[in-house]
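Each remark here refers to the structure printed beneath this line.
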Amino acid sequence: MYNWIDALADLQNQGEPCVLVTIIEELGSTPRNAGSKMVVSARQMFDTIGGGHLEYKAMQIAREMLASGRQDTHLERFSLGASLGQCCGGATVLLFEPMGQVQAQIAVFGAGHVGRALVPLLASLPCRVRWIDSREEEFPKQIPHGVRKIVAEEPVDEIDDLPAGSYCIVMTHNHQLDLELTAAILKRNDFTWFGLIGSKTKRAKFEHRLRDRGFDASVVQRMRCPMGISEVKGKLPVEIAISIAGEIIATYNANFGQHTASAEPIAKLLPVSRRSQAATLKASN
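Counting in full-length UniProt numbering, the sequence shown runs from 1 upward without gaps.
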């Protein structure tokens with residue numbers, strides 16, 4: 001049998017959320033002893049806490065927790081009698097522990113200087129990252145844990161495989177590739193957040209070209225370019241990376257638990273800086 005500890009390790013490496021179910025107390029006759037565990041994912045179960053209707057009810061509870069995005073632990077007591085379809089006659093208490101819940105699925109297109117500064121920051125957050133570039137040599141030798149490196153001859157093809165609600169970051173070495181990635185992301189239009197590296201001038205050029213391709217202005221407005229927290233003015237790769245990561249954190253904190261993409265302007269999700277507060281007070285006097 002594929003035991004729970006191997007299943008848990010594999011699911012966490014794959015970035016797939018699951019619930020660890022443990023018998024923490026046994027009273028009287030029970031199908032398995034305290035300490036027995038099983039792992040429940042959205043599609044599979046691994047190991048066993050004794051089978052029967054008890055296990056079926058535990059699976060239902062675990063999958064309800066996964067579906068709702070619930071992250072707190074949960075205790076539940078079961079009497080193993082006729083009402084549960086069990087004949088043991090004892091009672092058991094189960095502990096449900098959500099494992100591997102991630103707050104954002106992120107796709108980073110580009111392994112240049114800013115990408116190499118940004119991805120380790122994202123990997124340290126409760127996120128799963130796909131790091132995509134056509135140039136194998138641009139990736140560092142050590143890829144951070146929780147990051148999937150994808151060397152793709154045609155990076156645009158990878159957009160079809162992204163989960164709905166993804167966070168998309170485009171920062172490649174080629175403006176035309178940036179444009180094609182942007183068009184493909186906006187065509188899907190099921191992302192939570194999409195940022196394109198570049199200036200206001202680049203944004204204006206892209207908006208013009210996207211309009212020529214028939215994109216609606218309301219869709220194009222969902223693109224963040226320039227992206228990142230505007231108060232961070234530095235131009236070093238790590239400064240730009242911190243700015244972008246900060247905006248992503250603000251967005252997923254505001255949207256976590258929602259299963260629909262948000263088109264709310266990012267400015268509404270970010271704290272008002274002291275500088276902008278001061279400017280507002282000055283204007284009102």
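Note that the Cβ used here is the ideal one computed from N, Cα and C, for glycine as well.
| How would you write the range of the beta strand (DSSP E) that H74 sits in, first residue to last? | H74 to S79
| request: Write down the C-beta distance between M223 and E247 rounded to the nearest angstrom, noting that I regard them as a contact closer than 8 Å. | output: Contact doesn't hold; Cβ gap of about 13 Å is too wide.
| For residue 301, which three-state DSSP category applies? | The structure shown has nothing for residue 301, since the chain only spans 1 to 285.
| message | Using the Cβ count rule (16 or more neighbours within 10 Å means buried), how would you classify I132? | response | buried
| message | By the DSSP assignment, the alpha helix (DSSP H) with I169 in it spans what residues? | response | Where I169 is concerned, there is no enclosing alpha helix (DSSP H), although the beta strand (DSSP E) it sits in stretches over Y167 to V170.
| Quick one: what does DSSP say T22 is sitting in, helix, strand or coil? | strand
| query | Around the C-beta of E55, are 16 or more other C-beta atoms found within 10 angstroms, so that it is buried, or is it exposed? | reply | buried
| Taking DSSP as the reference, what is the three-state secondary structure of R188? | helix
| request: For T182, count neighbouring Cβ atoms within 10 angstroms of its own Cβ and tell me buried if that reaches 16, exposed if not. | output: buried
| request: Give the secondary structure of E16 by DSSP, where H, G and I count as helix, E and B as strand, and everything else as coil. | output: coil
| query | What are the start and end residues of the alpha helix (DSSP H) that includes R43? | reply | Per DSSP, R43 belongs to no alpha helix (DSSP H) and is neither H nor E.
| said: So for A107, helix, strand or coil by DSSP? | reply: strand
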